[in-house]
Amino acid sequence: MIDFPNIDPVAFSIGPFAVRWYALAYIAGLVFAIWYAKRLVATKALWADRTPTITPQQVDDLFIWIALGVILGGRIGYVLFYNPLHFAANPLDIFKMWEGGMSFHGGFLGVVVALLIYGKRHGATLDRLLDLGAAATPVGLGLGRLANFINGELYGRPGDVPWAMIFPNDPLQVPRHPSQLYEAILEGLVLFLIVRIATHRFQALAHPGRASGLFALGYGLSRIIVEFFREPDAQLGYFAGFITMGMILSLPLVAIGIWLLLRSRHT
């Protein structure tokens, strides 16, 4: 067992205003995504004989839509998927986002809706817009999981691995897997490298749906693997003794990823 690095969740304060690492992770992830997407659409060699989905100038507008989709979809998804009874009894708690509670799967659906609206207005297809998001998103996911680790939340199941640690918010105070770090590596670093190799070595952006298919498949499989080490939400527990809500919500992503990859062979 190793000691939990007790990092203050508040990065800094200005008077009564506290800035948390979690908020900084969201901001840094979004800024990186905007910068990276602009690089992608400005590098015409990545698109073979196709015209880039949008212009670098349009990326700023696009990511405003994506940010709204992530925030609204992520919160609504958490309310509906993870704790509907609590929020039905306490509807005002829905707006207390500073207390935590975001769902990746809800955020993903929110982004899809946002891109559908944006694409209809600007004449861009959903699969090509998703490809841009797929390439630029993993870094933000990894940073978000690191912020979860700093907050001592979403920790893993009890374990006896040498790197297990006791999280300060754990009521049982037993050594656990740092599953947030597993997710940061798989969903952040590894997924970014996979999509990066696909876009820069194999011109995946020239085949609509290929980059987003890799992202959906990679995230879904990564999340299912990590769920075997992550403590399920207390109010939900396990289904059928070993299945978690995260697994259930990730299975459609795996199916969508496979479908997009097969479809991209003919585009």
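Counting with our numbering, you get residues 78 to 344 for the letters of the sequence shown.
Virtual Cβ for every residue (Gly too), placed ideally from N, Cα, C.
Q) Between G200 and G286, what straight-line distance do the alpha-carbon atoms span, to the nearest angstrom? A) 16 Å
Q: Taking 7 Å as the cut-off, decide whether the C-beta atoms of A283 and A275 are in contact.
A: no
Q. Nearest CA to the CA of D85: which residue from F226, F279 and N167?
A. F226
Q | Per DSSP, cross-strand counterpart(s) of R97 | A | V87
Q: Alpha carbon to alpha carbon, how far is F316 from K197? Give it in angstroms, no decimals.
A: 39 Å
**Q.** Of the residues L192, E264, G184 and L193, the one placed nearest R222, counting alpha carbons only
**A.** E264
Q: Less than 8 Å between the CB atoms is what I'm expecting for V96 and V108, so what's the real figure, rounded?
A: About 15 Å; that fails the 8 Å criterion.
Q. What's the gap between the Cα of L385 and the Cα of A311?
A. Residue coverage of the chain in this structure runs from 78 to 344, which leaves residue 385 outside it and unanswerable.
Q: Could you check what DSSP says for I320 in three-state terms: helix, strand or coil?
A: strand
Q) In angstroms, rounded to a whole number, what distance separates the CA positions of P93 and K115? A) 36 Å
Q: Sort M322, E304 and L268 by Cα distance to N160 and report the nearest one.
A: M322
Q: Count the other C-beta atoms from every protein chain shown that fall within 10 angstroms of the C-beta of I343, then say buried if there are 16 or more, exposed otherwise.
A: It should be noted that the sequence gives His, not Ile, for residue 343. Burial call: exposed.
(Q) Among I320, F305, L268 and P239, whose alpha-carbon lies nearest the alpha-carbon of I79? (A) P239
Q.
For P133 and A100, what's the separation of their Cα atoms in angstroms?
A. 26 Å
Q. My guess is that A211 and A102 are in contact by the Cβ rule of under 8 Å, so how many angstroms apart are they, rounded?
A. Going by Cβ atoms, the distance from A211 to A102 rounds to 19 Å, so no, they are not a contact pair.
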